[in-house]
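J.:
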Amino acid sequence: MIFVDSNIWCYYFDKRLPESQQVKEYMRKILTSEEIASNTLIILEVAHYLVRHLKQKDAQRKIEVFTSLSNLTILDFNRRNMMQALENLLEHGYSNGLGGRDAAVIASMQHEIIQTIVSHDEVFKRLSAKLNLQVIDPIK
């Protein structure tokens, strides 16, 4: 199972973005061949992006497609994950610039023992060795 970060989903769903084409090609491959994970916070973040940048009808259609993908597991973000995210934030926020949302992503991955993330976010790359993460960035 691989975790897909919000920036990748936004690039995938918004064809106006310069990163869209590279991400679209990669995502089409994994959407047909991989089990994908995300958490409730990422779903809301992507939905928020779509609502702010697309017409309501287009945003609604893309949100429905997103949340109904048959190979997407949506992980709940609960108190236990929040406590782990706070630990991650305290441990890596000062030294590596880890923010709250990314700390939550890492906590979800740790809870589900997911070691691969698709992201264009540099903080995951900086922390990959420390946290035993494989970071896939489809943007060249």
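Per this note's numbering, the very first residue in the sequence shown carries number -10; after that it's consecutive. All C-beta atoms in this analysis are idealised placements derived from N, C-alpha and C, irrespective of residue type, glycine included. If you're wondering where the values come from, they're calculated on a predicted model, not measured in any experiment.
Identify which residue in SER117, ASP126, VAL94 and ARG17 has its Cα closest to the Cα of SER27.
T.: Indexing the sequence shown from 1 puts residue 27 at position 38. Checking every option, the nearest Cα to that of SER27 belongs to VAL94.
J.: Count the other CB atoms, across all protein chains shown, that sit within 10 Å of the CB of HIS37; report buried if there are 16 or more and exposed otherwise.
T.: As a working mapping, residue 37 is identified with position 48 in the sequence shown. Per the 10 Å Cβ criterion, exposed.
J.: Would you mind giving the Cβ-Cβ distance between VAL112 and LEU87, rounded to the nearest angstrom? I have them listed as a contact below 8 Å.
T.: Taking the first residue of the sequence shown as position 1, residue 112 is located at position 123. Taking the first residue of the sequence shown as position 1, residue 87 is located at position 98. Contact flag correct, Cβ pair sits at about 6 Å.
J.: According to DSSP, is SER27 helix, strand or coil?
T.: Counting from 1 along the sequence shown, the entry for residue 27 is found at position 38. Note: SER27 maps to strand in three-state DSSP.
J.: Assign THR56 to one of three DSSP states: helix, strand, or coil.
T.: As a position in the sequence shown, residue 56 is number 67, starting the count at 1. THR56: helix per DSSP, three-state reduction.
J.: Between ILE106 and ILE(-9), how many whole angstroms is the CB-CB distance? I'm expecting something under 8 Å.
T.: Mapped onto the sequence shown, residue 106 falls at position 117. Mapped onto the sequence shown, residue -9 falls at position 2. At roughly 7 Å, the Cβ-Cβ gap stays under 8 Å, so ILE106 and ILE(-9) are in contact.
J.: Could you tell me the alpha carbon to alpha carbon distance between MET72 and VAL54, rounded to whole angstroms?
T.: Locating residue 72 in the sequence shown gives position 83, where the first residue counts as 1. Locating residue 54 in the sequence shown gives position 65, where the first residue counts as 1. Roughly 31 Å separates the two Cα atoms.
J.: Whose C-beta lies closer than 8 Å to the C-beta of ILE32 among residues of the same chain, with five residues either side of it excluded?
T.: Looking up residue 32 in the sequence shown gives position 43. Excluding residues within five positions, the ones whose Cβ falls inside 8 Å are PHE55, THR56 and ILE63.
J.: Indicate the three-state DSSP secondary structure (helix, strand or coil) for ILE103 in the structure shown.
T.: Translated into the one-based positions of the sequence shown, residue 103 becomes position 114. It is coil, neither helix nor strand.
J.: For GLU118, count the other beta carbons within 10 Å of its own beta carbon; 16 or more makes it buried, fewer makes it exposed. Which is it?
T.: Counting from 1 along the sequence shown, the entry for residue 118 is found at position 129. Per the sequence shown, the amino acid found at residue 118 is Ala instead of Glu. It counts as exposed.
J.: Thinking C-beta only, is ILE19 closer than 8 Å to SER108?
T.: Indexing the sequence shown from 1 puts residue 108 at position 119. Indexing the sequence shown from 1 puts residue 19 at position 30. Cβ distance not < 8 Å, so SER108 and ILE19 don't count as in contact.
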